[in-house]
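Residue numbers (my numbering): 6 to 111.
All C-beta atoms, glycine included, are put in the ideal place defined by N, C-alpha and C.
The model shown is predicted, which means the values in this text are computed figures rather than measured ones.
Structure record follows, encoded as structure tokens.
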């Protein structure tokens with residue numbers, strides 16, 4: 006697989022760090038090796054339950070299930086894009102998502 010180009014790799018690392026630092030107790034994720042989206046799993050609650058609270062925090066994302074070919078219901082995953090976002094937004098993404106989790110599940 007072709008590795009990610011440097012600007013995208015740096016943005017990916019920024020978002021992964023933000024999510025791991027601020028949302029580690031709420032999500033599981035792996036840093037992609039050549040993709041432009043993060044596939045994130047909710048440890049608590051479902052992604053469907055998280056959508057409105059996240060939108061209130063300025064984060065809009067699709068459920069992971071809309072991306073599946075076999076259309077198996079998967080309410081625990083969502084996808085986050087990072088390639089077009091400025092670094093300052095990526096650094097704040099974890100804090101915003103943590104607030105959404107806290108509103109929804111704490």
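Report the rounded CA-to-CA distance for residue i versus residue j, giving the unit in angstroms.
i, j, result
"residue 70", "residue 80", "7 Å"
"residue 85", "residue 29", "16 Å"
"residue 111", "residue 11", "37 Å"
"residue 52", "residue 68", "6 Å"
"residue 15", "residue 33", "20 Å"
"residue 36", "residue 88", "14 Å"
"residue 20", "residue 96", "6 Å"
"residue 91", "residue 72", "25 Å"
"residue 22", "residue 54", "24 Å"
"residue 39", "residue 61", "30 Å"
Once the 5 residues before and after residue i are set aside, which same chain residues still bring their CB inside 8 Å of it?
i, result
"residue 63", "101"
Closest by CA to residue i, which one among the options?
i, options, result
"residue 13", "41, 34, 28", "41"
"residue 65", "15, 94, 33", "94"
"residue 44", "107, 89, 83", "83"
"residue 50", "31, 61, 96, 91", "31"
Between which residues of its own chain and residue i is the CB-CB distance below 6 Å, once the five residues before and five after are set aside?
i, result
"residue 27", "99, 100, 103"
"residue 108", "58"
"residue 46", "33, 81, 82"
"residue 106", "31"
Going by DSSP, name the residue or residues bridged to residue i.
i, result
"residue 85", "43"
Going by beta carbon distance, what residues of the same chain come within less than 7 Å of residue i, once the five residues before and after it are set aside?
i, result
"residue 17", "9, 36, 37, 87"
Quiz item: Mind pulling the beta strand (DSSP E) runs of 3 or more residues that sit fully within the stretch 17 to 68?
Solution: 32 to 34, 42 to 47
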